[in-house]
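Contents: one structure, followed by commentary.
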Amino acid sequence: MYVLYGNSTLLNRDNTKWFYSEDIKLEDLERAEILPEVWNSNPEKVLYVLSHAKSEEAVFFALRIIKEKKNILDSLLLDDLQRLVSHYHPKVLDVILESIKNKYKNIQPEDAIMLALLSSKNERAIELGLGWLNFYERDYFSRDEFVIGLLLTGEVKVIDYLKTLYGSIPKYNFILNLNALRGLFQSHSIYTEAYLLEVNNLIGNTTFGSLLSDVSLEEINKLASSNSVTNKLFAAYLAKHNKIETFLLFKDSIDKYINSDDARLRQVGIELLSQFPDHFLLENSKKISGFCFSEYEEVRTAIQPTIERLVNLDTDFKTSLFNSLLIVLIEAEKYDGLHANCYSLLTENYKHYLNDISHEFMFKLVLSHYEYAQKLGLPLFKQHIDLNTLPVEKLVSLGNSDIFEIRKMLQDYFQLHIPKINYELEKALLIFNSSWQDIIDWACDYFERSIEEKNWTVNMLLYACDHTKNEVQAFGRKMITAHFREEEGLPLLIKLQEHPTKDMQFFVTNYLETYAKDSPDVILKLETYFKTSLFNINTHRSTKTRIYAFLEQESVKSKVVAEMTVRLINSILGTKTIKDRSNNIDVLLSIYDVFPEIEVPLLIKSN
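Residue numbers are given in numbering that gives the first Met the number 0: position 49 of the sequence shown equals residue 48, and the series is strictly consecutive.
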């Protein structure tokens with residue numbers, strides 16, 4: 000500290016400790032070192048301190064001298080400049096970059112300076128270097144060693160520059176020595192994975208890769224067998240431009256790529272496979288077709304060009320894969336994106352064969368619950384299926400389609416063919432099995448408006464009443480009320496009494512007076528209905544009230560009905576509410592008054 004501030008009054012000493020006498024900023028201090036003339040006469044020492052400084056004091060000490068003696072920077076050697084443009088301290092960089100700009104204002108910077116700027120990790124330095132690179136481009140790219148140096152800068156912006164330069168054609172064409180790039184392939188590389196991937200991208204996806212077309216089989220095999228993912232990628236991308244056939248380069252290692260745990264290697268492996276010769280693809284066609292259904296999306300996408308080749312090479316393969324793709328499309332998707340990939344293959348590689356799909360399978364497509372099956376099926380269905388040729392039982396199945404347009408086509412057909420639907424009403428009623436509410440609502444309205452009364456049979460009405468959907472049951476009851484004929488009353492009553500729902504139990508009570516009154520034989524056939532309705536605690540109160548009233552009314556007219564009623568009450572007496580017990584007692588007393596010989600479950604006292 001004494002050397003740095005020996006002539007300053009701002010620094011005091013307490014034994015071995017130095018301290019500032021007031022708050023200061025190092026950058027605001029003037030020169031105050033001991034022996035300033037020594038430093039003035041040894042500029043190389045000042046620059047040494049600056050380039051090797053590890054502390055604020057050392058940095059600002061050197062900068063204060065340079066501020067006063069600007070000509071010191073004139074003695075900067077190339078090695079000093081290289082070191083200083085990568086300096087950690089922003090103040091040093093400001094000074095050095097300004098010096099470099101002035102020094103190379105009208106002349107081209109040396110290769111070493113350019114590479115130092117571009118690898119400095121400093122934004123200003125990199126932009127300065129890229130500007131000069133663009134201005135003096137032709138000269139810099141006349142030397143392959145400089146281009147190799149660009150690849151070794153570790154700077155993504157440099158790689159982006161090269162991608163632009165070599166986007167479509169190799170603007171500067173020469174052969175690079177892969178050995179000179181060995182720093183990119185070392186196991187303990189100084190480069191980030193992100194940077195190495197960018198270099199891979201440059202080599203594999205631009206014409207820059209043609210500069211490395213002479214890499215030997217041994218060198219590519221060495222990279223391919225490396226444990227490093229980026230090295231394996233380098234091998235694959237180098238092969239894209241290599242003079243040796245891809246098959247010869249990777250025939251022994253292709254499986255390791257495709258079966259890798261790394262998605263990038265799987266994808267590039269499939270891309271390499273597309274460059275293999277026809278005989279290999281044909282010999283391994285079954286295995287290759289399996290990649291269409293891989294759990295890995297990148298594999299399914301990358302395999303498509305290879306599949307296109309095989310489709311054109313082998314008719315049996317084309318047919319087999321075509322059928323497999325269709326089947327997968329209507330099954331539950333095993334992996335995200337599988338249906339989309341299958342759809343892509345079908346519409347791109349099989350677009351001329353889609354019209355050969357059977358009508359039956361077109362139905363399966365539009366009735367599928369999966370988006371891409373529907374997407375494939377709808378245009379085919381509209382183009383090839385004539386609804387006029389379909390039987391009604393086939394038509395109504397369309398009511399289950401998730402595709403609104405298909406359901407609308409069905410509705411329009413029914414509307415245009417009312418006589419046919421009247422004639423085949425029993426089959427048409429199966430439309431109620433649709434899982435779509437819009438179809439159910441529409442069908443209820445359609446059948447009510449469009450079906451003639453004479454076409455409704457007892458079984459048809461019962462079908463509606465027995466349906467699992469409440470809306471259809473309600474429709475059935477409405478149709479019975481609207482079209483109930485005298486001669487059908489008793490069969491309907493007998494059938495309806497078997498229905499377990501509360502609404503139907505109540506509905507049946509509407510017809511007890513009409514078709515069971517004064518008919519003991521009919522009443523006895525309804526015993527199960529009475530028992531079910533009275534025993535169930537969830538039965539509507541109004542239903543029970545009507546049944547009790549009817550039983551009391553009919554029991555006093557017929558002994559066999561009275562005996563049936565006593566049996567019913569005996570079976571349910573211990574399970575009912577107070578209200579039900581009161582009804583039971585009333586009915587039993589009425590029976591006892593008319594038929595005292597029938598034993599009732601009551602203790603009746605005489606007056």
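The beta carbon of each residue, even a glycine, is placed where N, CA and C say it ideally should be. Note that the coordinates shown come from a computational prediction; the quantities given were computed from them, not determined experimentally.
Whole-angstrom distance between residue j and residue i, CA atom to CA atom
i      : j      : result
Glu282 : Tyr295 : 23 angstroms
Tyr87  : Arg123 : 13 angstroms
Thr314 : Cys291 : 17 angstroms
Glu451 : Thr388 : 24 angstroms
Phe246 : Asp277 : 11 angstroms
Leu77  : Ser252 : 46 angstroms
Leu309 : Ala235 : 22 angstroms
Lys477 : Lys556 : 33 angstroms
Pro418 : Gln410 : 14 angstroms
Glu244 : Leu320 : 28 angstroms
Ile147 : Phe380 : 60 angstroms
Glu526 : Leu601 : 22 angstroms
Asn454 : Glu425 : 9 angstroms
Glu397 : Ser343 : Before going on, a small fix: residue 397 reads as Leu here, not Glu. Taking the straight line from one Cα to the other gives about 26 angstroms.
Ile405 : Tyr445 : 17 angstroms
Asn200 : Tyr352 : 37 angstroms
Lys317 : Lys333 : 23 angstroms
Ile112 : Val48  : 20 angstroms
Gly128 : Thr346 : 49 angstroms
Thr576 : Ser532 : In this predicted model, Thr576 has a pLDDT of only 47, less than 50, meaning its place in the structure is not dependable; the value taken from the coordinates is given anyway. Near 14 angstroms, if we compare the C-alpha coordinates of Ser532 and Thr576.
Ile402 : Ser118 : 59 angstroms
Ala515 : Val457 : 18 angstroms
Met408 : Lys468 : 23 angstroms
Lys255 : Ser293 : 16 angstroms
Glu192 : Trp435 : 53 angstroms
Sequence-distant residues of its chain with Cβ nearer than 8 angstroms to residue i (five each side left out)
i      : result
Ser98  : Leu72 and Leu75
Glu370 : His338
Ile287 : Leu272, Leu280, Ile302, Thr305, Ile306 and Leu309
Cβ neighbour criterion (16 or more within 10 Å) applied to residue i
i      : result
Lys543 : buried
Lys350 : exposed
Val593 : exposed
His368 : exposed
Thr564 : buried
Ala331 : exposed
Val37  : exposed
Ile106 : exposed
Ile356 : buried
Glu231 : The sequence as given places Lys at residue 231; Glu does not occur at that position. With 16 or more Cβ atoms within 10 Å of its Cβ, Lys231 is classed as buried.
Gln266 : buried
Gly166 : exposed
Arg545 : buried
Phe173 : exposed
Phe249 : buried
Gly130 : exposed
Leu324 : buried
CB of residue i within 7 angstroms of CB of residue j, strictly
i      : j      : result
Ile168 : Thr229 : no
Glu470 : Ile439 : yes
Ile219 : Leu195 : no
Val560 : Ile590 : no
Gly268 : Lys239 : no
Ala262 : Leu328 : no
Ile95  : Leu83  : yes
Arg460 : Ile479 : For the sequence presented, residue 460 should be read as Leu rather than Arg. Taking 7 angstroms as the Cβ cut-off, Leu460 and Ile479 qualify as a contacting pair.
Leu366 : Asn399 : yes
Gly182 : Leu151 : yes
Leu222 : Phe233 : yes
6 angstroms CB neighbourhood of residue i in its chain, flanking five on each side removed
i      : result
Ala463 : Val471, Phe474 and Gly475
Tyr412 : Leu386
Asn340 : Arg299
Tyr190 : Gly153
Lys530 : Leu567
Leu588 : none
Leu149 : Val157
Glu423 : Val391
Asn354 : none
Cutoff 7 angstroms; reference residue i; Cβ partners in own chain excluding five residues on either side
i      : result
Asp79  : Leu46 and Ser50
Val586 : Tyr547, Leu550, Glu551, Ser554, Thr564 and Ile568
Leu175 : Asp143, Val146, Ile147, Leu210 and Leu211
Ala442 : Ile430 and Phe431
Residue i: CB within 6 angstroms of a non-hydrogen atom of the ligand PLP
i      : result
Thr245 : With respect to the ligand PLP, the structure shown offers nothing to examine, as it has no ligands at all.
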